[in-house]
Structure formats: structure tokens, C-alpha cells
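In UniProt numbering, the protein residues as written are 1 to 158.
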């Protein structure tokens with residue numbers, strides 16, 4: 001199932017500190033699905049995106065990958081700096097225990113992480129299964145789908 005694969009890959013990219021793949025997949029989701037949502041969902045999508053980035057940072061910290069934390073802020077500073085909620089996260093690489101620091105504490109909690117990934121899975125399921133009829137996953141891109149409409153099915157040769 002496509003949504004399960006997407007959520008699994010998001011989790012793997014977070015856990016393996018693979019920022020490029022995480023951003024690439026998120027960009028794909030934005031272009032294929034999120035850009036078609038009503039503007040009222042923009043903040044919800046942004047919260048999921050930021051949540052993934054925060055889990056990414058916490059996992060990099062846990063794995064003692066300070067290089068990945070530095071790389072993250074080098075690449076993402078311009079995108080995140082305008083958002084006040086990120087101000088406290090720029091201190092992450094200087095913390096001793098992120099679980100003791102209120103802005104990062106919930107992202108160190110395994111139950112919160114599980115709930116977050118269940119929530120993003122549910123969100124993607126609703127978008128994927130309720131918004132558009134879709135065809136099978138294309139073998140070239142494991143996430144790609146063809147969005148079909150009534151005109152497509154009418155135009156098919158008999």
C-alpha cells in the first residue's frame with residue numbers, strides 16, 4: 001500500500017539522518033497531494049513537515065550525529081528562520097539532554113513519536129483514498145500515482 005510505504009520511508013529517513021531523501025519525499029508529496037488541498041490545510045501540512053524535521057534532529061542527537069544536526073541547520077536555516085517555533089531548536093547541538101529542554105522534550109518521547117506517525121499515516125490515507133481516484137503505483141517511482149478523471153476514462157479506447 002502506497003501510504004504505508006511513504007510513512008515507512010519517512011520514518012527510515014528520519015532515523016537514518018537522511019535529510020536529502022526526507023526533503024525529496026516531502027517535496028514529492030507537496031507537489032502531488034498537498035498542493036491540491038484547500039488553503040485551510042496549509043498549516044496542518046506545515047506542522048507535519050516541521051514535526052518530521054524535529055524528530056530528525058532528535059534522532060540525529062541520539063545517534064551522536066552532530067554533523068547531521070549542523071548540516072540540517074546549514075541547509076534549512078533560510079526556510080526555518082522565519083518561523084518563531086524554530087528559534088529554540090537552533091540550540092539543540094549545544095544541549096546536554098534534549099529530554100530536559102521543554103521545546104524538544106516531547107520529541108524525545110517514543111509514545112509521542114508513535115502517535116505522530118499514526119497521525120501522519122491517517123492524514124495521508126484520507127488524502128490518498130478520499131481525494132482522488134488513483135491507479136496503480138508506477139514502477140519507476142514507488143510513490144507516483146496517476147490522477148485520473150472522468151475524461152480520462154471516457155477517452156480510453158473500447
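Backbone N, C-alpha and C define an ideal beta-carbon position, used for all residues, glycine too.
Item, Value
"Buried or exposed by the 16-neighbour rule on C-beta atoms within 10 Å, applied to residue 60", "buried"
"Assigned exposure category for residue 31 - 16 Cβ within 10 Å defines buried", "exposed"
"Rounded Cβ spacing between residue 3 and residue 117 (contact assumed at less than 8 Å)", "Not a contact, Cβ separation roughly 12 Å."
"Distance between residue 69 and residue 81 (C-alpha atoms, nearest Å)", "15 Å"
"Contact under 8 Å by Cβ, residue 15 with residue 25", "no"
"Reduced DSSP category for residue 11 - H, G, I as helix; E, B as strand; rest coil", "helix"
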